[in-house]
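**Student:**
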Amino acid sequence: MKVYFDHNATTPLHPEVKKEMAEAMDMFGNPSSMHAWGREARANVEDARSRVAGFIGAQNDEIVFVGSGSEANNTVLSLFVCASSQCIPGTKMRSTIITTKIEHPCVLETSECLAHRGARVKYLDVDQYGKIDLDQLESMLGDDVGLVSVMMANNEIGTFQDIETISKMARSCGALMHTDAVQAVGKVPVDVNRLGVDFLTISGHKIYGPKGVGALYVKKGTPYCPFIRGGHQERGRRAGTENTLGILGLGKAVEMRALEMEAEEERLASLKAFLKKGIEERIDDIHFNGHPTDSLAGTLNVSFPGAEGEAILLYLDLEGIAVSTGSACASGSLDPSHVLLATGVDAERAHGSIRISLGRSSTMQEAEYLLDVLPRTIQRIRNMSTAYIKGGAHAASR
Amino acid sequence: MLQAGEWAYSETLKEHFMSPKNIMQGESTDEFDGVGMEGNLQCGDQMMVVIKVDKQSEVITDCQWKTYGCASAIASTSILSEMVKGMTLDQAFHISPKDVAKELGGLPENKIHCSVLGDKALRAAINNYFVRNGMEDRVKQEQAKIVCQCMNITDHDIEEAVLEGARTYFELQEHTKLGTVCGQCKDEAESLLEKFKHIHFGA
Ligand SMILES: Cc1ncc(COP(=O)(O)O)c(C=O)c1O
Ligand code: FES
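If you read the protein sequences in the order shown, they are chains A and B. The numbering of the first sequence is the numbering used here, which starts it at 93 and goes up by one. The numbering of the second sequence is the numbering used here, which starts it at 636 and goes up by one.
#1: How is A/G161 classed by DSSP in three states: helix, strand or coil?
#2: Distance check for B/A643 and A/S423, CA to CA, integer angstroms please.
#3: Quick check: what's the CA-CA separation for A/A459 versus A/Y96?
#4: Going along the chain, which residues of the segment 695-718 of chain B sit with their C-beta nearer than 7 angstroms to a C-beta in chain A?
#5: Give me whichever residues DSSP pairs with A/I224 in a beta bridge.
#6: In whole angstroms, what is the alpha-carbon distance linking A/E163 and A/S170?
#7: Using 8 angstroms for Cβ pairs, my map puts B/D668 next to B/I686. What's the rounded Cβ distance?
#8: Is the segment 267-282 of chain A touching the segment 379-390 of chain A, taking contact as three or more C-beta pairs under 8 angstroms?
#9: Check the C-beta distance from A/G121 over to A/E132 and give it rounded, since I have them as a contact under 8 angstroms.
#10: Beta strand (DSSP E) containing B/W700: first to last residue?
#11: Just the Cα atoms here: how many angstroms apart are B/I695 and A/P467?
#12: For ligand 1, I want to know if A/D98 counts as a neighbour, meaning its beta carbon is within less than 7 angstroms of at least one of the ligand's heavy atoms.
#13: With 16 other CB atoms within 10 Å as the buried threshold, where does A/T333 fall?
#14: Quick one: Cα of B/K746 to Cα of A/S445, how far?
#15: What is the rounded straight-line gap between the Cα of A/A207 and the Cα of B/Q808?
#16: Taking B/S731 as the reference, which of B/T723, B/S707, B/T815 and B/L715 has the closest Cα?
#17: Determine the burial state of A/H127: buried for a count of at least 16 other Cβ atoms within 10 Å of its Cβ, exposed for fewer.
#18: Name, going along the chain, the residues of the segment 779-799 of chain B whose beta-carbon falls closer than 9 angstroms to a beta-carbon of chain A.
#19: Does the CB of A/A414 have a neighbour CB from chain B at under 8 angstroms?
#20: What does A/P428 reach in chain B if we use C-beta pairs closer than 8 angstroms?
#21: Could you pull out every residue in the same chain whose Cβ sits closer than 6 angstroms to the Cβ of A/C421, ignoring the five residues on either side in sequence?
#22: For A/H443 and chain B, any beta-carbon pair shorter than 8 angstroms?
#23: Could you give the distance in angstroms between the alpha-carbon of A/A488 and the alpha-carbon of B/S663?
#24: For A/I194 and A/A434, what's the separation of their Cα atoms in angstroms?
#25: List the residues of chain B that A/A479 touches, going by C-beta distances under 9 angstroms, in chain order.
#26: I'd like to know whether the C-beta of B/P655 is nearer than 8 angstroms to at least one C-beta of chain A.
#27: I'd like to confirm something about A/V242: is its beta-carbon nearer than 7 angstroms to some heavy atom of ligand 1, or not?
#28: So that I know if they touch, is there some Cβ in chain A lying closer than 8 angstroms to that of B/M877?
#29: Does the beta carbon of A/N152 sit closer than 8 angstroms to a beta carbon anywhere in chain B?
#30: Can A/H270 and A/V437 be called in contact, C-beta distance under 8 angstroms?
#31: Which residues in the same chain have their Cβ closer than 7 angstroms to the Cβ of B/R773, if we skip the five residues on either side of it in sequence?
#32: Would you please verify whether the beta carbon of B/L652 is less than 8 angstroms from any beta carbon of chain A?
#33: Give the list of continuous alpha helix (DSSP H) stretches no shorter than 4 residues that lie fully inside the segment 335-419 of chain A.
#34: Under the three-state reduction of DSSP, which class applies to A/E458: helix, strand or coil?
#35: So A/A262 packs on A/I294, CB below 8 angstroms; how close in whole Å?
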């Protein structure tokens, strides 16, 4: 049996998206051209724009198509350094950015880079469930703060933040508000007006659309400076001939999300509850990470002390099951997940964690199969682990 | 279109990961003549090697292990346990991470650090055997020598940084923070860097 439980990493194309993209495969015109080929491509790009805009309650010209979620995030943060160096006329110099310790690396590493370039970056802590502390945010806010960037849902543990409240706080002190909504859009209703954000990031491949395409919402009137310069595309906000096929796919993807999202999230929530219960019953000494209720319906992050994440991942791979690990040993560094560490999980528990992320193709049979394979996999790894030997870390607990 | 490629690991490594050899059963080490443990759970890998030794010939007759760690860590302890059986203590003492990696059919560069604990644990087990049998004089200490006084960085730290990918003095500084205060240690650190690059990567 083949089981794909890694939907937070990426998703397959929705069959309808695939169909629409396949039909458009011969559409090669440059949307900037005035002839028929160009006008065909333009029509499809603009159609996708209005679908994306409609999906999040934005106006069409508030949507900028970009090359990825990472690019959208880089654009917003880098724009801010531009603003403080007065590249954007009329923008007041404000040198502080507030973000959180659990953002995606494309925000964290960009923030570090901005710090080298003169910005002041402050990182919000999170509690054991991954929620930021609004009092801490209040204490950091001041008239030096130019931007607050807080992700809407975390990719590793699924925890939601209260973006509506955070936006209010940020904007009342005159800062701009950005949210990386890559994991939230298409899973929960998102309305930019209700959230009150100035910028919002979307990525195509997390919502059954194509990879290498994303969208950035930029509220009308917000200071803006292109990250990729040198072309009039996207009204001068993102240079480079448009990824027409990708954009068309993203447009179709959000359309399908609008139809399917609600029922699917309910289904995934009960699948997750089933998995959680099964894991709890069949494996001892486990810990679930993230918020127990206020988190993505399909995301389950669990630690198995005494077993290391990459070993779990690869033994499951041998049985046809795909999950991912919070410990980054798999990706070539020994650092355990920065997200789990920020929630106060100790390094060992962080090393021994996996993320199971469900999606529209996930079934009860798949969940049952995982519940069949996982207990013996963990048992097997723990049997060869030093964690339980006499005098070892967990000797007493078994 | 290409199908899913193999893992970043060799077939031998995969084989040892799928069916590890000589895992120590149970939780007691009482029946063994030497026990060595290295690493810790917080860092993501820990290995224990236990040996049985024929007193007369000093040949290792059995070698078992437990490992907490990734696939490379598991496979390298498994293959190490096969390699040392039948070796004398002196021979076994000189097994290097490079020997283990070679036997495994190579390791991805960023995984080499996963295999260094195995041979360290083995040496600890051998030393433990010497101590238990009244041969303290034969214990070979892996004395670490401080190279950077300011940051308290040893030659072992430098070796580890090289195994984790540091190839230039700058990368070494990034890994260890060595040489970031008074800078006096630069020459010695650079020559050790070259030495370990040579030992582990033949570069
Ligand atoms: C929360 C979050 N932000 C940003 C990204 C990056 O998106 P993309 O892969 O489109 O660059 C991801 C995907 O890994 C993500 O999970
Ligand atoms: S001895 Fe290394 S920086 Fe001073």
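Beta carbons: idealized from backbone N, C-alpha and C, even for Gly.
**Tutor:** In terms of the structure at hand:
#1: helix
#2: Low confidence applies to A/S423: its pLDDT is 45, below 50, so where it sits in the model is not reliable, and the reading given next is rough at best. Computed Cα separation, rounded: 11 angstroms.
#3: 10 angstroms
#4: K701, T702, Y703, G704, C705, A706 and I709
#5: A/V218
#6: 10 angstroms
#7: 6 angstroms
#8: yes
#9: 5 angstroms
#10: V694 to Y703
#11: 35 angstroms
#12: no
#13: exposed
#14: 19 angstroms
#15: 20 angstroms
#16: B/L715
#17: exposed
#18: E799
#19: no
#20: G679
#21: Low confidence applies here, because A/C421 scores a pLDDT of 44, under 50, leaving its location unreliable and the question unanswered by this model.
#22: yes
#23: For A/A488, the pLDDT reaches just 40, beneath the cut-off of 50, and the residue's location in the model is therefore unreliable, leaving the point undetermined.
#24: 7 angstroms
#25: L676, Q681, K701 and Y703
#26: yes
#27: no
#28: Summary: the structure shown does not reach residue 877 of chain B, with chain B confined to residues 636 through 838, and so no result is reported for it.
#29: no
#30: no
#31: F765
#32: Correcting the residue identity first, residue 652 of chain B is Phe in this sequence and not Leu. Yes, B/F652 lies at the interface with chain A (some Cβ there is under 8 angstroms from its Cβ).
#33: 336-374 and 401-410
#34: helix
#35: The pair is not a contact, with the Cβ atoms about 20 angstroms apart (cut-off 8 angstroms).
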